[in-house]
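Notes follow the structure.
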């Protein structure tokens, strides 16, 4: 995967999170489980912008780990299927195409 592909995915994910009404909010609680959906969405929204910074610093390994975390959250929250997540990572003809699948 390239940095450009990660940027493309973050752009899609940021648009989706915006449409879901997710805040951009870093989770400041590390010593307990978070079960509040909005807190999780806010944290991955925050991470999506942090990934942009990591890519600018050429920190690809860390950006890939955070991308995996974000995708794990999508799956765990039931917002993306495994096929959806796999397809997100594939090259696309139209990187500006926005998906929204809430079923």
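Numbering (this note's numbering), first residue to last: 5 to 107.
Backbone N, C-alpha and C fix where the C-beta goes; we use that ideal spot for every residue, glycine too.
Quick one, which of the options has its alpha-carbon nearest residue i's?
i	options	result
residue 78	27, 21, 12	21
residue 42	53, 13, 29	29
residue 11	54, 88, 91, 83	54
residue 18	40, 87, 75, 39	75
When the distance is taken between beta carbons, is residue j closer than 8 Å to residue i?
i	j	result
residue 93	residue 5	yes
residue 71	residue 45	no
residue 49	residue 26	yes
residue 7	residue 89	no
Assuming the contact rule is C-beta atoms closer than 8 Å, residue i and residue j should be a hit. Round their C-beta distance to whole Å, please.
i	j	result
residue 51	residue 68	So it is not a contact: roughly 12 Å between Cβ atoms.
Check: Using 8 Å as the threshold, is the segment 57–73 in touch with the segment 31–42, meaning 3 or more CB pairs across them?
Finding: no
Margin query: Restricting to runs no shorter than 4 residues, where is the alpha helix (DSSP H) found entirely within the segment 54–87?
Written below: 64–80
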